[in-house]
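Going by my numbering, the sequence shown opens with residue 1055, and the numbers climb by one from there.
Report on the following structure.
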Amino acid sequence: MTLSSPENIAFSKARGHASAAVLTKAIVITGHRGFLGTAVTEHFAVKPYATVGVGIADSARASASACAIEYEIELPDTRFDKVIQEVQPAALIHCAGTADVAASFRDPPTDYRRNVEATAFVLESLSRYAPQCHFVLLSSAAVYGNPRHLPVSETARCIPISPYGCHKLIGEQIVDEYVSEHGLKAAVLRIFSAYGNGLRRQIVYDLCCKLFDDSQHVVQLFGSGEESRDFIHANDIAAAVEHVVTEQLAGVYNLACGVETTIAELAGKLRELSGRNAEIEFTGKNRAGDPHRWQADIGKLTATGFKPMVTLDDGLNSYLNWYQKLN
């Protein structure tokens, strides 16, 4: 259900989308129409929470949202203040923002507005109108840049190598400010290489597009193939967010599987699972902002009781099934 103004919340309650009792555990999800926002929304939709979505429609995801209540608002926007005043959320999951390293080089101001200004705006609104709210920021491993040692822990020095990584780090620093100066409770999740059904960009999607293109007998990829990532499925990310909210966690946490996978290994897995026969070739050229190797130390989060459940093979199989139905 899409609502244009905060005043319509009363109407939504009356129609039974969210009872008054459940609304005492309302969760606001910004960017609920994006890739990770959708995963988080669908996860919480079957939990004992009233999910309130704030964001703009994504043409690539035209299906109905799982949120009980929606507001089509692009942050920052003062209408958001009214939503917070009315809903008084128990938690806010900040999924809004861009997640495109290349675009951040092409247009740094837009990336800054969506990743820094929007985060600051949300935090200010919470500090004024819902200071009891538990804030959860979906950040990125891009804040680390090229880690000097692997696996990289949350205490490692952050030296981002892209505007996107810089802006994510600034967002984290703003969270720190609101925690120390305003007493907000907040958790930051540094997500490594996210993937899953519905994602139509980045390495897994690009590989599928090339493997299933019958006109290409050779699949060309950037780099040497020795570059590595630590992949984490969107379903595990959503489950981790619920864990953080349920356990009332605060602080910074790496979110990954803790497994280093080279791009050559990933390409080989996808080729084998897909049954395609294309040759994999690496150009040796690197793109600006792409880290060389990533592997997360996930000990801090697992010590709280969370464990990723989706193996890379299972996640890729599921993704391949989704991709083939899409095409």
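By construction, the Cβ of each residue, glycine as well, lies at the ideal position given by its N, Cα and C atoms.
These numbers were taken from a predicted model, which means no experiment stands behind them.
What three-state label does DSSP hand residue i in the structure shown?
i, result
"F1089", "helix"
"Q1378", "helix"
"Q1274", "strand"
"T1095", "helix"
"K1361", "coil"
"A1157", "helix"
"V1100", "coil"
"A1304", "coil"
"G1353", "helix"
"V1076", "Because V1076 sits at a pLDDT of 38, beneath the cut-off of 50, its placement in the model cannot be relied upon, and the following sentence gives the value as read from the coordinates. Note: V1076 maps to helix in three-state DSSP."
"R1244", "strand"
"P1309", "In the sequence as displayed, the identity of residue 1309 is Leu instead of Pro. If DSSP states are grouped into helix, strand and coil, L1309 belongs with the strands."
"P1252", "In the sequence on display, residue 1252 carries Gly and not Pro. Of the three classes helix, strand and coil, the one that applies to G1252 here is coil, per DSSP."
"S1282", "strand"
"I1083", "strand"
Given the structure, does residue i come close to the ligand GTP, in the sense that its CB is under 7 Å from one of the ligand's heavy atoms?
i, result
"A1122", "Inclusion of the ligand GTP in the displayed structure is not the case, the ligand content being empty and no account of it being possible."
Restricting to Cα atoms, I'd like to know which of the options is closest to residue i.
i, options, result
"F1276", "H1236, I1286, A1342, E1231", "A1342"
"V1364", "A1304, Y1249, P1163, P1185", "Y1249"
"A1332", "Q1139, V1273, S1278", "V1273"
"G1312", "A1111, R1330, F1360, A1145", "F1360"
"R1347", "P1162, R1283, L1303, D1260", "R1283"
"I1138", "D1260, T1315, P1214, S1179", "S1179"
"T1315", "V1233, F1285, C1212", "F1285"
"V1100", "Y1125, A1120, F1089", "A1120"
"K1339", "Y1377, E1124, G1353, G1279", "G1279"
"Q1302", "A1111, C1187, G1107", "C1187"
"L1366", "D1161, T1132, A1288", "A1288"
"P1102", "E1319, G1109, I1081", "I1081"
"S1328", "C1262, E1319, D1368", "C1262"
"G1237", "G1305, P1214, L1129", "G1305"
"F1266", "P1214, I1213, I1334, D1290", "I1334"
"G1151", "T1358, T1084, I1317, D1268", "T1084"
"E1296", "I1213, A1156, E1208, F1098", "F1098"
"T1234", "H1086, P1185, R1133", "Here residue 1234 turns out to be Ser, not Thr, going by the sequence shown. Looking at the Cα atoms, P1185 is the closest of the given residues."
"V1298", "V1108, I1147, S1181, A1318", "I1147"
"R1133", "D1230, S1158, G1109, D1161", "G1109"
"K1079", "A1104, P1162, A1318", "A1104"
"S1158", "A1318, A1210, A1196", "A1196"
"D1230", "D1260, S1181, F1246", "S1181"
"R1168", "I1127, R1330, T1300", "I1127"
Could you check how far apart the C-beta atoms of residue i and residue j are, in whole angstroms? I think they sit under 8 Å.
i, j, result
"A1350", "A1293", "A1350 to A1293, Cβ: 16 Å. No contact."
"V1190", "A1145", "6 Å"
"Y1232", "L1192", "Contact doesn't hold; Cβ gap of about 16 Å is too wide."
"S1194", "R1254", "Going by Cβ atoms, the distance from S1194 to R1254 rounds to 19 Å, so no, they are not a contact pair."
"P1239", "N1308", "Checking the sequence, you will find Lys at residue 1239 rather than Pro. Contact doesn't hold; Cβ gap of about 20 Å is too wide."
"Q1270", "K1264", "6 Å"
"N1200", "P1362", "Not quite, the Cβ-Cβ distance comes to about 24 Å (not below 8 Å), so this is no contact."
"Y1373", "V1258", "6 Å"
"D1131", "Y1183", "Not confirmed; about 14 Å, so no contact."
The region 1084 to 1100 / the region 1236 to 1254 touching (three or more Cβ pairs under 8 Å): yes
Cβ pair count under 8 Å reaching 3, the region 1309 to 1323 against the region 1215 to 1230: no
Cβ contact check for the region 1171 to 1185 and the region 1220 to 1231: 3 or more pairs under 8 Å: yes
Start-end ranges of the alpha helix (DSSP H) lying completely within the region 1173 to 1242, minimum 4 residues: 1217 to 1236
Stretch-stretch touch, CB-based, cutoff 8 Å, three pairs: the region 1127 to 1146 with the region 1201 to 1217: no
Start-end ranges of the alpha helix (DSSP H) lying completely within the region 1117 to 1146, minimum 4 residues: 1133 to 1141
Ranges of the beta strand (DSSP E) found wholly within the region 1317 to 1341, counting only runs of at least 3: 1333 to 1336
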